[in-house]
Structure formats: C-alpha cells, structure tokens
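Its first residue numbered 538, the sequence shown is counted upward by one per residue in this note's numbering. From the three backbone atoms N, C-alpha and C, an ideal C-beta is built for every residue, glycine too. Computed from a predicted model, the values in this text were never measured in an experiment.
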Amino acid sequence: MSAVALQTLWVGSQLKPLHTEALKSFVKYHHQVELYCYEFVEAVPGGVVIKDAAEILPKENVFQYKKGPGKGSFSAFSNVFRYALLFKKGGMWIDTDVFCLSEWNFDSVPYVFASETLTTEKDRITASCVIKTPPQSSLMKYCWEESLNVSPETLEWGQIGPRLLNQAVHRFGLAAYIRPSWEFCALGWDETDLLTDPQSLWRPPQKALGLHLNHEMLRRSNRDFDDQLLNKLKKWN
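This is how it looks when you write it as structure tokens:
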C-alpha cells in the first residue's frame, strides 16, 4: 500500500453513485483518500478523509464551462485546483471517476502521469486523471500559471487538462514518467460506450491498476446512472 495520500476534489453537495463507488474502491485497498470540498458532501464513503478545499483555492475561484457540450461542468476548475494543490503540497491526484482495481505503490518515483490512447490516434497522450509530483515543482507551477491565463468564457474542453499537461510534461523532459495507457486508461474517452453496452464483454486488463471511467462522456449520453455499470464495477473490484 502506498504511503502517499490520494487527493481529489468534489464541487457540490452530493456525490453521484458512480463517484461514491469509485472512492469506495480505493478504501477497499486501504489507500488513504483525501476529498477536498467547499461544503458538506453527502454519500461520501466511510474511510475517506474530508479536507477544506478553501485551503488550496478560495471558493470564489470556482467556475464552470461556459459553452460546448461540457457546459456547466466544473472539470476545468478541477484542473486549476489540482495544479495548485500539487504545486503547494505535492503528492498524488486522482479524479473522482477513477476506479481502483488493485493496490498502488508509487512511493519510489517522484512523478506519475496516466496516459491514454484514443481509437482515432496512434500516439499516447498524457491524461490528467492520475498525477503525482513533488511539491513546488516547476511543472505544476507552469501548469497552474498557464491554466489561469485562459478565460473561462472561451475555454474549450480539455484545453487546460490533458492538452496542457501533455505539452508541459514534454516541455520539462518528464516523458519517462508517463505510465502505459492500460494501467489507468485502458478505455479512451471515445470508447466509454463499451462500459454500458449490454452486449459488450469488455473488461479491464488483468494488470490494470485502475480505470478512468470518463464520467463526462457517460453524462453526455445519459449513462452515468447506469445500474449495470455500477454492478460491473463492484465485480471488478
């Protein structure tokens, strides 16, 4: 078991069933999970440690996507938050829609970056769902500053998330710390239909450590409350 706490954020007053199940999966493997919140949050699994998000960024900084299919999502703010958190404290970040499939231990390495390979692209790209950095890193300082230079009014989906992080990781010569896509993102965001298709026999690779569920893609197609998916997750865990 890793000695490094797994840190994440929730904006709102209640976790959705998928996120509750995802956090619960880490508790099962005895990981310390720290959930940063701005208010009391319902449906948080036992064993998850609640932290004050205002210690990292003030609540007044919270914003949502203003346009596009992700309109209303807090995902872009969560990107800014994770960069600020990891710059100030270091450690490990997980998105709330990452599902744990086995024990993690990255204590011996300073950096960890998830990656994914899309069906439409040949090359792996850095994913922002799982990140580990030391505190005060030049990488997170750069990402934090760059994320603040983009207006929420014009922000595009993924612009200050995977796209920025991917560019920054290569800029700072840290590509050696990019993990294989099967470890955390065996399914690309363009393949999430395989999670809820009743005819699909897909399951995570046996050696996978976790699975990024790409909740936003499920939400856009009204599949984020799928009981079949929740049952699958329980079996995989």
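Does the Cβ of PRO699 have 16 or more other Cβ atoms within 10 Å, making it buried, or fewer, making it exposed?
The count along the sequence shown starts at 1 and reaches residue 699 at position 162. Looking at its Cβ environment, which holds 16 or more other Cβ atoms inside 10 Å, PRO699 is buried.
Looking at the structure shown, is VAL706 part of a helix, part of a strand, or coil, going by DSSP?
Along the sequence shown, read from residue 1 onward, the residue named residue 706 stands at position 169. Here VAL706 sits in helix by DSSP.
Taking the Cβ atom as the reference point for each residue, do LEU676 and PHE643 lie within a distance shorter than 8 Å?
Sequence index remark: in the sequence shown, residue 676 carries index 139 (1-based). Sequence index remark: in the sequence shown, residue 643 carries index 106 (1-based). No; because the gap between Cβ atoms is not below 8 Å, this pair is not in contact.
For HIS707, count neighbouring C-beta atoms within 10 Å of its own C-beta (all shown protein chains included) and say buried if the count is 16 or more, exposed if not.
In the sequence shown, the residue the question calls residue 707 occupies position 170. Label assigned to HIS707: exposed.
Where LEU732 and ILE631 are concerned, what is the direct C-alpha to C-alpha distance, given to the nearest angstrom?
By one-based count along the sequence shown, residue 732 stands at place 195. By one-based count along the sequence shown, residue 631 stands at place 94. The alpha-carbon atoms of LEU732 and ILE631 are separated by roughly 20 Å.
Can you list, in chain order, the stretches of the alpha helix (DSSP H) that have 4 or more residues and sit fully within the segment 627-707?
675-685
When ILE662, ALA613 and LEU738 are compared against TRP681, the one with the closest alpha-carbon:
As a first step, residue 681 is located in the sequence shown; it is residue number 144 there, counting from the start. Selected option, being the one with the closest Cα: ALA613.
DSSP state of VAL570, grouped into three classes?
As a first step, residue 570 is located in the sequence shown; it is residue number 33 there, counting from the start. Three-state DSSP puts VAL570 in a strand.
With a CB to CB cut of under 7 Å and the five nearest residues on each side skipped, what residues in its chain are close to THR729?
The residue you call residue 729 lines up with position 192 of the sequence shown. Counting only Cβ-Cβ distances below 7 Å, and skipping sequence neighbours, we find ASN751, MET754 and LEU755.
By a C-beta neighbour count over all protein chains shown, 10 Å radius and 16 as the cutoff for buried, is ASP634 buried or exposed?
Taking the sequence shown and counting its residues from 1, one reaches residue 634 at position 97. ASP634 comes out buried.
Touch test, the segment 555-568 against the segment 591-599, Cβ-Cβ under 8 Å, three pairs minimum
no
Measure the beta-carbon distance from SER674 to PHE624 and round it to whole angstroms, keeping in mind my assumption that it falls under 8 Å.
Looking up residue 674 in the sequence shown gives position 137. Looking up residue 624 in the sequence shown gives position 87. So it is a contact: roughly 7 Å between Cβ atoms.
With a threshold of 6 Å on Cβ separation, who are the neighbours of GLN551 within its own chain once the five nearest residues in sequence on each side are excluded?
Walking along the sequence shown from the start, residue 551 turns up at place 14. The residues GLU579 and ALA580, in chain order, have a CB closer than 6 Å to that of GLN551 in the same chain once the five nearest residues on each side in sequence are set aside.
Exposure of ASN759, with buried meaning 16 or more beta-carbon neighbours within 10 Å:
Locating residue 759 in the sequence shown gives position 222, where the first residue counts as 1. Its Cβ having fewer than 16 others within 10 Å, ASN759 is exposed.
Reducing DSSP to helix, strand and coil, say where LEU622 ends up.
As a first step, residue 622 must be located in the sequence shown, where it is residue number 85. Three-state DSSP puts LEU622 in a helix.
With a cut-off of 8 Å on the beta carbons, I'd call LEU701 and GLU690 a contact; round off their distance for me.
To locate residue 701, count along the sequence shown from 1; it is residue 164. To locate residue 690, count along the sequence shown from 1; it is residue 153. Not quite, the Cβ-Cβ distance comes to about 18 Å (not below 8 Å), so this is no contact.
In three-state DSSP terms, what is LYS588?
The residue labelled residue 588 in the question sits at position 51 within the sequence shown. Under the three-state reduction of DSSP, LYS588 is assigned to strand.
Smallest Cα separation from VAL585: which of PRO742, ALA542, SER718 and GLY609?
Your numbering for residue 585 matches position 48 in the sequence shown. Relative to the Cα of VAL585, the nearest Cα in the group PRO742, ALA542, SER718 and GLY609 belongs to ALA542.
Pick helix, strand or coil for TRP547, following the three-state DSSP scheme.
Along the sequence shown, one-based indexing puts residue 547 at 10. The answer is strand: DSSP assigns TRP547 an E or B state.
Does the Cβ-Cβ distance between GLY725 and THR654 come in under 8 Å?
Stepping through the sequence shown from its first residue, residue 725 is reached at position 188. Stepping through the sequence shown from its first residue, residue 654 is reached at position 117. At a Cβ-Cβ threshold of 8 Å, GLY725 and THR654 count as neighbours.
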